[in-house]
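This report concerns only the one structure given below.
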């Protein structure tokens, strides 16, 4: 995603949180996967690639480190106050 590629994925783990539902298939469902692949055209792939690239910016190292730090500070504060 951070490389600006169109992506498809299964409903496993956190993948559905990252991708548009149009590009998600049920685990082991080859028919759904094939339908997604067949439905792809250049315009759709370019649009998805741009969306993925922009979305991936929210997972930059600096942003993740800041979120993690804030989480642990809030956690420590809640433990301290309980």
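In the numbering used here, the protein residues as written are 1315 to 1396.
Positions of the beta carbon are idealized from the N, C-alpha and C atoms, including for glycine.
In angstroms, rounded to a whole number, what distance separates the CA positions of residue i and residue j?
i            : j            : result
residue 1319 : residue 1394 : 44 Å
residue 1392 : residue 1385 : 11 Å
residue 1389 : residue 1327 : 25 Å
residue 1359 : residue 1396 : 50 Å
residue 1321 : residue 1380 : 27 Å
residue 1372 : residue 1366 : 10 Å
Cα-Cα, which of the options is closest to residue i?
i            : options                : result
residue 1332 : 1343, 1342, 1345, 1316 : 1316
residue 1352 : 1364, 1365, 1336, 1367 : 1336
Given that a residue counts as buried once 16 or more other Cβ atoms are within 10 Å of its Cβ, and exposed if not, what is residue i?
i            : result
residue 1362 : buried
residue 1343 : exposed
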